[in-house]
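Below is one structure, written out as structure tokens; the observations come after it.
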Amino acid sequence: MSIPIRLFDGDVILNIDRTPITFDETTRTLYNRAITNPSSITDEERRIITRRPPPEEEDALCRGRCGQSLSELIKKAIENGDSLTYKESVIIAAGVDSAQNERLIHDAARLSAADRELLQRARAAATTEEMKRAQESARNVMKRWGNIQSEASKTLSNDDVRNIQFALRVPWQEHVLSQTQVAICGLLIFFPRNMPEWPSFKEQIDIAVYHGLHSTPQVINEEIMAKFTLHYVESSNVSDDGDNHVAALQSQFFSMRDGGELPQGLRLDAFLYVDEEAIQSQGAARPFVWLLEPGETARPLKVHIKHIAPTLFARLTQRDLSPAEARHRPYRHTSELEMLHRAAAWSKDANGVVDGVWPPPARYM
């Protein structure tokens, strides 16, 4: 029996097969033998019961997803489970073939309660002690990541989440990871001298960046999380009044860049800075830092601290991509400062007043 589910006012119809299924006698006999006499089960039979592919295929699938064979991954989980990445823990817990795992869940829902119990008992009996230990480590890692993701989600609005999702459609992570000669990626940020409120604002910035990068462990590579750096530099130039500090900061950035003072891997076409106005925003709903470019005549841009990473960094990295189409998709426009200002013109605070803080909701990007 197929159940039609109508989506988008009937424009899309999903047919979900709910036809009951039962085990044939051969399968039922194998499952019962696994439960009553697990030592009699061969490796091939274990794989049939647990729906694991043959060893060579399994290792190839595993290498394709994480660069290691499953046996190497299991060894890592047993010897140093805390070192597993989120992706590795999911592979161990759910299997190397995610599509197959989804089919198993769907098929299990079509079994009778008695057959579901038989399947669960047979799979438990057919799972080796080594795999059970590895899966326990993997579940602990997934639980830890679940807590981290939950804490991050508490700080993000629906618009924040959508902006992060859009940023993750840009292949910026692949580009950063292809730069194997550099140990970090990120942005320089100038901060003022002798401002008592600065340490608490810096902590707020660091927490916001952490939550942004850890909000989607299913998609954001942990190597990227470790690489991303805000390189803080104290500067007297941000204490100046008026537009003079903009030119002074640009000059200071030029001097550091051309003098080889910037750690390799930081963006050389843009930097951030914090002045008194930015620090005073820390109690607001949308606290910000300033984005500036060396030699750029446009005015600095307010950037919400929640979106320094991944949203802003993805957009800046997008400038390096090719072909030209890759430098704006999935957005309407490229990421020159003028275009970012144009998008920020749609940004509003909680009271609906335009505040010019980038990014606006993703639909305006």
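If you want my numbering, it's the position in the sequence shown, counting the first as 1, plus 1102. The C-beta atom is built at its ideal place from N, Cα and C for all residues, glycine as well.
Distance, residue j Cα to residue i Cα
i	j	result
LEU1109	THR1121	The predicted position of LEU1109 is uncertain, since its pLDDT is 48 and thus under 50; a value taken from the coordinates is nonetheless stated next. About 22 Å.
PHE1125	THR1138	18 Å
GLN1420	ILE1410	14 Å
ILE1250	THR1131	44 Å
PRO1284	GLU1219	Note on identity: in this sequence residue 1284 is Val, with Pro being the wrong assignment. The alpha-carbon atoms of VAL1284 and GLU1219 are separated by roughly 52 Å.
PRO1319	ILE1180	22 Å
VAL1391	ALA1447	16 Å
ILE1286	ASP1209	45 Å
GLU1427	MET1467	15 Å
ARG1431	MET1244	32 Å
GLU1325	GLN1237	23 Å
ASN1242	SER1337	44 Å
ILE1107	ASP1422	Reliability of the predicted coordinates at ILE1107 is poor, the pLDDT of 47 falling under 50, and no value is obtained from them.
ASN1296	SER1302	13 Å
LEU1258	GLU1231	41 Å
SER1142	ASN1182	31 Å
LEU1364	THR1152	52 Å
LEU1116	GLY1248	Because the pLDDT of LEU1116 is 47, which lies under 50, any placement of that residue in the model is unreliable, and the question is left without a value.
SER1173	ALA1445	49 Å
SER1252	VAL1335	32 Å
VAL1321	ASN1260	18 Å
SER1424	ASP1377	35 Å
ARG1148	ALA1464	48 Å
PHE1415	PRO1157	40 Å
PRO1298	ARG1246	35 Å
ILE1207	THR1144	24 Å
GLY1454	MET1233	54 Å
ASP1184	GLN1352	43 Å
LEU1439	ALA1349	16 Å
ARG1429	TRP1300	35 Å
GLY1166	THR1128	34 Å
Beta-carbon gap between residue i and residue j smaller than 7 Å
i	j	result
GLU1160	ARG1154	yes
ALA1195	ALA1240	yes
ALA1136	ALA1228	yes
LYS1404	VAL1340	no
VAL1192	CYS1164	no
GLN1384	GLN1306	yes
ILE1123	ARG1212	yes
DSSP beta-bridge partners of residue i
i	result
LEU1290	HIS1333
TRP1300	Its beta-bridge partners do not exist; DSSP assigns none.
PHE1390	HIS1406
PHE1373	LEU1394
TRP1460	VAL1405
LYS1450	VAL1456
LEU1368	GLY1288
Beta-carbon proximity list for residue i, same chain, < 8 Å, skipping 5 on both sides
i	result
THR1413	ASN1265, ILE1266, PHE1268, ALA1269, GLY1314 and PRO1461
ARG1205	none
VAL1311	PHE1330, LEU1332, ILE1407, ILE1410 and ALA1411
ASP1262	LYS1408 and HIS1409
ARG1417	ALA1269, VAL1272, TYR1433, SER1437 and LEU1442
ILE1150	LEU1132
ARG1235	ALA1179 and ILE1180
HIS1435	MET1441, ARG1444, ALA1445 and MET1467
TYR1188	VAL1243, MET1244, TRP1247, PRO1319, GLN1320 and GLU1324
Contact set for residue i: own chain, Cβ-Cβ below 6 Å, skip 5 residues either direction
i	result
ASN1468	Residue 1468 cannot be examined here, being either before or after the span of the chain that is shown, 1103 to 1467.
ALA1452	ALA1387
GLY1367	VAL1284, ILE1286 and CYS1287
ASN1134	none
LYS1304	none
PRO1140	ALA1227
MET1103	Residue confidence is low: MET1103 scores 47 on pLDDT, short of 50, so the model does not pin down where it sits. Its coordinate-derived value is still stated next. Contacts found: ARG1120 and THR1121.
ALA1162	none
PRO1402	TRP1392 and LEU1394
Residue i CB to nearest heavy atom of the ligand NAP below 6 Å
i	result
THR1282	Absent from the structure shown: the ligand NAP. Ligands present: none.
Contact set for residue i: own chain, Cβ-Cβ below 7 Å, skip 5 residues either direction
i	result
GLU1190	CYS1168 and LEU1175
LEU1186	LYS1178, ALA1179, SER1239, ALA1240 and VAL1243
ALA1380	PHE1390, VAL1391 and TRP1392
ASP1457	ARG1388, SER1449, LYS1450 and ASP1451
GLN1170	CYS1164
SER1255	SER1317
GLY1361	none
ASN1203	ALA1196 and GLY1197
MET1327	LEU1315 and HIS1316
ASP1217	THR1124 and PHE1125
ARG1369	LEU1289 and LEU1418
* Asked: Should the segment 1364-1378 be called in touch with the segment 1278-1297, which here means at least 3 C-beta pairs below 8 Å?
  -> Judged by Cβ distances under 8 Å, the segment 1364-1378 makes contact with the segment 1278-1297, as three or more pairs qualify.
* **the segment 1220-1230 contacting the segment 1267-1285, beta-carbon criterion three pairs below 8 Å** => no
* Asked: Does the segment 1392-1401 come close enough to the segment 1352-1366 that 3 or more CB-CB pairs lie under 8 Å?
  -> With a cut-off of 8 Å on Cβ pairs, the segment 1352-1366 is in contact with the segment 1392-1401, counting three or more such pairs.
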